[in-house]
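Undergrad: I'd like to ask you about the structure that follows.
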Amino acid sequence: CVVKNDYAGRLVTICNG
Amino acid sequence: TPKTTVYLGSPYLTFPVYEDGVLEVNHYQTSCKIAFNLVTHQVLCRFESDSIEHAVLPDAFRVGAQRFVRKSGPQGPPVYYKVLYAGKSKVLAQIKGTLQETKREAYRLEEFDGIYTRQERYLIELENKAPQAVTLSRKSVLRVLDHTSDPLPSTTLKNKLTVPELIEAVAAYDG
Chain W
1 CVVKNDYAGR
11 LVTICNG
Chain H
18 TPKTTVYLGS
28 PYLTFPVYED
38 GVLEVNHYQT
48 SCKIAFNLVT
58 HQVLCRFESD
68 SIEHAVLPDA
78 FRVGAQRFVR
88 KSGPQGPPVY
98 YKVLYAGKSK
108 VLAQIKGTLQ
118 ETKREAYRLE
128 EFDGIYTRQE
138 RYLIELENKA
148 PQAVTLSRKS
158 VLRVLDHTSD
168 PLPSTTLKNK
178 LTVPELIEAV
188 AAYDG
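Following this line, the structure appears as structure tokens:
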């Protein structure tokens, strides 16, 4: 999983698979 | 096809996930970049030299100005408490991260598959005693401090306390 800021500046965790 | 899930928030204490920190093991200190997972209470450490992620179980660690101490033994899952005040007595906070999964229905425009939230509970550790959980209320704090005179600032007549007021009360108790 990767933690980053999304287009709106919100902190999000994105996991693949 | 691999499914991508998106959660609002993060299970980690800080962002960026890895921050400069210090591990404390058997009174020895080692600097590394630390990531603290609030859901599992796992501590990850990355040294400048190899950048490999190491899962570690320190007695304590520091990230920036925050210090955490482990309270559970080597068996069982680790629990780290944030040290809010350390005099003769201590004020600790247990920060617990939780992932609340939301059902993303095809016909609805849910943005996230879940949300990471965090809860804090507070503990007072008197000298040579086990930590005792308190709520942010005058009644609960006085029960643990077991004091004949009220050590809480007299200006606070309300029953609800803030975290700085909790720390102030324990510091006053320590004298």
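Quick note, the sequences are listed as chains W and H, same order.
Heads up: the first sequence begins at 1 in my numbering, then just goes up one per residue.
Heads up: the second sequence begins at 18 in my numbering, then just goes up one per residue.
Ideal Cβ positions, reconstructed from N, Cα and C, are used throughout, including at glycine.
Is it true that the region 5 to 14 of chain W meets the region 34 to 43 of chain H, where meeting means three or more beta-carbon pairs spaced less than 8 Å apart?
TA: no
Undergrad: List, in chain order, every chain W residue whose beta-carbon is nearer than 7 Å to that of H/Val-34.
TA: The sequence position of residue 34 of chain H within the second sequence is 17, counting from 1. Residues of chain W passing the Cβ test: Val-3.
Undergrad: Which class does W/Tyr-7 belong to by DSSP, given the choice of helix, strand or coil?
TA: Counting from 1 along the first sequence, the entry for residue 7 of chain W is found at position 7. W/Tyr-7 falls in the coil class under three-state DSSP.
Undergrad: Does H/Ala-188 come out as helix, strand or coil in the three-state DSSP assignment?
TA: Here the question's residue 188 of chain H lines up with position 171 in the second sequence. Residue state, collapsed to three classes: helix.
Undergrad: Strictly by DSSP, which residues pair up with H/Ile-51?
TA: Indexing the second sequence from 1 puts residue 51 of chain H at position 34. Beta-bridge pairing links H/Ile-51 to H/Glu-36 and H/Cys-62.
Undergrad: Tell me the DSSP bridge mates of W/Cys-15?
TA: The residue labelled residue 15 of chain W in the question sits at position 15 within the first sequence. W/Cys-15 pairs with H/Thr-22.
Undergrad: CA-CA distance, H/Lys-146 and H/Tyr-139?
TA: Along the second sequence, read from residue 1 onward, the residue named residue 146 of chain H stands at position 129. Along the second sequence, read from residue 1 onward, the residue named residue 139 of chain H stands at position 122. C-alpha separation (whole angstroms): 15 Å.
Undergrad: Between the C-alpha atoms of H/Arg-84 and H/Thr-134, what's the straight-line distance to the nearest angstrom?
TA: In the second sequence, residue 84 of chain H corresponds to position 67, counting from 1. In the second sequence, residue 134 of chain H corresponds to position 117, counting from 1. For H/Arg-84 and H/Thr-134, the distance between alpha carbons rounds to 21 Å.
Undergrad: Whole angstroms is fine: what's the gap from H/Ala-82's alpha carbon to H/Tyr-35's?
TA: By 1-based counting over the second sequence, the position of residue 82 of chain H is 65. By 1-based counting over the second sequence, the position of residue 35 of chain H is 18. Their Cα atoms are separated by approximately 14 Å.
Undergrad: Got a sec, what are the start and stop residues for the beta strand (DSSP E) H/Leu-109 sits in?
TA: For the purposes of this step, residue 109 of chain H is taken as the residue at position 92 of the second sequence. 107 to 118 is the span of the beta strand (DSSP E), which, as asked, contains H/Leu-109.
Undergrad: Would you say W/Gly-17 faces chain H, with C-beta separation under 8 Å as the test?
TA: Here residue 17 of chain W refers to the residue found at position 17 of the first sequence. By this cut-off, W/Gly-17 is an interface position.
Undergrad: Hey, out of H/Ala-150, H/Leu-55, H/Cys-49 and H/Tyr-29, whose CA is closest to H/Ser-66's CA?
TA: The residue given as residue 66 of chain H occupies position 49 in the second sequence. Cα-wise, what sits closest to H/Ser-66 is H/Cys-49.
Undergrad: Taking the continuous beta strand (DSSP E) assigned at H/Leu-140, which residues delimit it?
TA: Taking the first residue of the second sequence as position 1, residue 140 of chain H is located at position 123. Annotation: the continuous beta strand (DSSP E) that includes H/Leu-140 extends over 131 to 142.
Undergrad: Does H/Lys-20 get closer than 8 Å to chain W when you measure Cβ to Cβ?
TA: Start at 1 with the first residue of the second sequence, and residue 20 of chain H comes out as number 3. Cβ-Cβ to chain W under 8 Å: yes for H/Lys-20.
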